[in-house]
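Asks:
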Amino acid sequence: MYRQTEIIKDASQPGIEGDMVINVGPQHPATHGVLHLVITLNGETIKKVEPHLGYIHRSIEKMCESLSYRQFIYVTSRMDYLSAHINNHACALCVEKGLQVEIPPRAQVIRILMDELTRIASHELWWGAMAMDLGAFTPFFHAFRERETINDIMEDTCGARLTMNYIVPGGVMADLHPDFQKKTKEFIQLYKRKIHEYDELVTGNIIFQNRMKGIGYLSPEDAVSYGCTGPTARGSGVSSDIRKLYPYEIYDKLEFDEVLESAGDSFARYMIRIGEMQQSIRIIEQLIDNIPEGDFQAKTKAVLKLPKGEYYSRVETARGELGVYIVSENGTTPYRIKFRSPGFSNLSVLDHIARGSKLGDLVAMMGTLDLVIPDIDR
Amino acid sequence: MFIVKYIKDVWNAVRSLLKGMRRTGYYFTHHKEIITQQYPDNKDTLHLPERFKGEVVMLHDENNEHLCTGCTACELACPNATIKIITKFDITPDGKKKKAIDKFVYHLELCTMCNLCIIACPTDAIKMAQTFEHSVFDRSELTKILNKPGSKIKEGVE
Ligand code: SF4
Ligand code: SF4
Numbered sequence: 244m245y246r247q248t249e250i251i252k253d254a255s256q257p258g259i260e261g262d263m264v265i266n267v268g269p270q271h272p273a274t275h276g277v278l279h280l281v282i283t284l285n286g287e288t289i290k291k292v293e294p295h296l297g298y299i300h301r302s303i304e305k306m307c308e309s310l311s312y313r314q315f316i317y318v319t320s321r322m323d324y325l326s327a328h329i330n331n332h333a334c335a336l337c338v339e340k341g342l343q344v345e346i347p348p349r350a351q352v353i354r355i356l357m358d359e360l361t362r363i364a365s366h367e368l369w370w371g372a373m374a375m376d377l378g379a380f381t382p383f384f385h386a387f388r389e390r391e392t393i394n395d396i397m398e399d400t401c402g403a404r405l406t407m408n409y410i411v412p413g414g415v416m417a418d419l420h421p422d423f424q425k426k427t428k429e430f431i432q433l434y435k436r437k438i439h440e441y442d443e444l445v446t447g448n449i450i451f452q453n454r455m456k457g458i459g460y461l462s463p464e465d466a467v468s469y470g471c472t473g474p475t476a477r478g479s480g481v482s483s484d485i486r487k488l489y490p491y492e493i494y495d496k497l498e499f500d501e502v503l504e505s506a507g508d509s510f511a512r513y514m515i516r517i518g519e520m521q522q523s524i525r526i527i528e529q530l531i532d533n534i535p536e537g538d539f540q541a542k543t544k545a546v547l548k549l550p551k552g553e554y555y556s557r558v559e560t561a562r563g564e565l566g567v568y569i570v571s572e573n574g575t576t577p578y579r580i581k582f583r584s585p586g587f588s589n590l591s592v593l594d595h596i597a598r599g600s601k602l603g604d605l606v607a608m609m610g611t612l613d614l615v616i617p618d619i620d621r
Numbered sequence: 003m004f005i006v007k008y009i010k011d012v013w014n015a016v017r018s019l020l021k022g023m024r025r026t027g028y029y030f031t032h033h034k035e036i037i038t039q040q041y042p043d044n045k046d047t048l049h050l051p052e053r054f055k056g057e058v059v060m061l062h063d064e065n066n067e068h069l070c071t072g073c074t075a076c077e078l079a080c081p082n083a084t085i086k087i088i089t090k091f092d093i094t095p096d097g098k099k100k101k102a103i104d105k106f107v108y109h110l111e112l113c114t115m116c117n118l119c120i121i122a123c124p125t126d127a128i129k130m131a132q133t134f135e136h137s138v139f140d141r142s143e144l145t146k147i148l149n150k151p152g153s154k155i156k157e158g159v160e
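Protein sequence lines correspond, in order, to chains A and B. The working numbering puts the first residue of the first sequence at 244, with every later residue one more than the last. The working numbering puts the first residue of the second sequence at 3, with every later residue one more than the last.
(1) Using the beta-carbon count (16 or more within 10 Å), is Gln256(A) buried or exposed?
(2) What is the residue span of the alpha helix (DSSP H) that Lys305(A) lies within?
(3) Considering only the alpha carbon of each residue, which of Glu64(B), Lys10(B), Ile155(B) lies closest to Asp92(B)?
(4) Decide yes or no for the touch test of the stretch 466-485 of chain A against the stretch 440-455 of chain A: beta carbon pairs closer than 8 angstroms, at least 3 of them.
(5) Taking Cβ to Cβ, would you say Asp200(A) is nearer than 8 angstroms to Met322(A)?
(6) Between Met455(A) and chain B, is any beta-carbon pair separated by less than 8 angstroms?
(7) By the 7 angstroms beta-carbon criterion, what residues does the stretch 428-448 of chain A contribute toward chain B?
(8) Who are the neighbours of Thr114(B) on chain A, taking C-beta pairs under 7 angstroms?
(9) Quick one, are the C-beta atoms of Val352(A) and Ile517(A) less than 8 angstroms apart?
(10) Taking just the CA atoms, how far does Glu304(A) sit from Lys581(A)?
(11) Please report how far the alpha carbon of Thr26(B) lies from the alpha carbon of Met397(A), in whole angstroms.
(12) Flag this pair as touching only if the stretch 596-612 of chain A and the stretch 277-288 of chain A have three or more C-beta atom pairs under 8 angstroms; answer yes or no.
(13) In whole angstroms, give me the CA-to-CA distance for Tyr591(A) and Pro294(A).
(14) What are the start and end residues of the alpha helix (DSSP H) that includes Ile450(A)?
(15) Along chain A, which residues have their Cβ under 9 angstroms away from the Cβ of Met3(B)?
(16) For Phe4(B), does the count of other Cβ atoms within 10 angstroms reach 16, so buried, or fall short, so exposed?
(17) Provide the residue span of the beta strand (DSSP E) that contains Thr283(A), from first to last.
(18) Throw me the rounded Cβ distance for the Asn65(B) and Lys150(B) pair, which I believe falls under 8 angstroms.
(19) Under 6 angstroms, CB to any heavy atom of ligand 2. Which residues pass, going along the chain?
(20) In angstroms with no decimal places, state the Cα-to-Cα distance between Leu497(A) and Lys86(B).
(21) Where does Lys61(B) fall in DSSP's three states?
(22) Output yes if chain A places a C-beta closer than 8 angstroms to the C-beta of Met60(B); else output no.
(23) Examine chain B for any beta-carbon lying closer than 8 angstroms to the beta-carbon of Arg313(A), and answer yes or no.
(24) Check whether the stretch 357-370 of chain A touches the stretch 560-569 of chain A, taking contact to mean three or more Cβ pairs, one atom from each stretch, closer than 8 angstroms.
Here it is, written out as structure tokens:
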């Protein structure tokens, strides 16, 4: 609920007199979306952060229950729109689990290639936005230069830049564009040529480091008990990469490292994402010349019906674990769908890590949690 | 020693800032590497990929004939009720009644460009166009009839 900005003058309760309550959002550039934080301050020190959700709730779960198994996949692009492709992937995996279809190897490789490109694009955008949160504006454009190349690749093959809807149950919607390999290799070249600029501009910058190191400490125990996943948890040294722990598609045959940092502060979470981009490049390099020939889609019935039962699948999106849970009553639409989105759990830790630090650091902490508000609200 | 560490820190800090400034200076003096697209001035040279999903259109050949049989597969595939097919019955020359489309109503304002209608169509009568400048002054202009006036189905398409 919206609270008026006020200085608490209530002398009856000890300790809260003189505290100030302020609102950040729902419309605030630093929250990257319609997130509303009610912050209790003592001077400049944060005493409490209460996130208020629901401003962009579209009841996606309920919506999906009225759509068929082919149709509901595209809606999930609108949750975490920065890793839309990976969301679609999770849903398709869940439906395929119910249908018991075998995915052709070519489709599996295409999916992974697109997943990793999406992950890089998402982290690029995060990097730019993160630097912008701390007052550096140009890195945003540097990040978008590389991201634009990925968007072009996506546009060629999937026909859209952000909400691709390229995955269908049983494979992918269309075959790769003939230029895909060439363009992806060009992107890898460009990335390798430019990545040192990221370090020169931001990572090594003394102002940036001082604002990140030791700020927003999250202990491994707390990361687990708050249910953090993805780079947020790995920044505290908690191994949580679904691609490693519960491999899907052909991730178990690929060589890549799970990036882990032990410091648990904002800078550790920052370094995780920088490292993950490099691991994604590594995965793409392994696959780009080894795309198997064959079908890009398995044969499925025109109307899909999942046998009665419960199905769960999980993937690693750019922000952490996305779980899709489907209850089927043997109909053409799901009886119940639940999404376990990474953003919600990662946001819930904000109050914990922000307490006791200064207001100016709150934006930096939010930046390193990489919040996407539609993913939190759904 | 405190003083050595202090000077070292200052030196490292200044160096890190200069490093960043060098990068900024590099782009300041290298105009060729700037890649901004001057939209809308570059409209003539702006080519979108052929798979780009801009809006749904119906293909017509030079005789004003299309391939749509009115089977409503696209209408059923659409998650947003964007498409409404209104059918009529044509009388063929030999006196038989034949189902044909009267109007293919397409609500661009409801369309999310998901491509599901295109892959559902058995005769490939519709496809995605590469237009993307969809703003209009009145909302009703976004509701379109995709089959051209006077068009009919191509001979032999079932
Ligand atoms: S692209 Fe999707 S939303 Fe648009 S008309 Fe086709 S099926 Fe409907
Ligand atoms: S456009 Fe295609 S799917 Fe839609 S009614 Fe016509 S023939 Fe059927």
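C-beta: ideal position from N, C-alpha, C; glycine also. In this text the structure is predicted, and so the values were computed from the model without any measurement.
Replies: Let me spell this out:
(1) exposed
(2) 303-307
(3) Ile155(B)
(4) no
(5) In the structure displayed, chain A extends from 244 to 621; residue 200(A) sits before or after that span and is not available.
(6) no
(7) Glu440, Glu443, Leu444, Gly447, Asn448
(8) Tyr317
(9) no
(10) 6 angstroms
(11) 29 angstroms
(12) yes
(13) Correcting the residue identity first, residue 591(A) is Ser in this sequence and not Tyr. Cα-Cα distance, rounded: 8 angstroms.
(14) 449-455
(15) Residues of chain A passing the Cβ test: none, with the nearest at roughly 21 angstroms.
(16) exposed
(17) 279-285
(18) Rounded, the Cβ-Cβ distance is 11 angstroms, inconsistent with contact.
(19) Cys70(B), Thr71(B), Gly72(B), Cys73(B), Thr74(B), Ala75(B), Cys76(B), Ile87(B), Ala122(B), Cys123(B), Thr125(B), Ala127(B), Ile128(B)
(20) 47 angstroms
(21) According to the sequence as given, residue 61(B) is Leu; it is not Lys. Residue state, collapsed to three classes: coil.
(22) no
(23) yes
(24) yes
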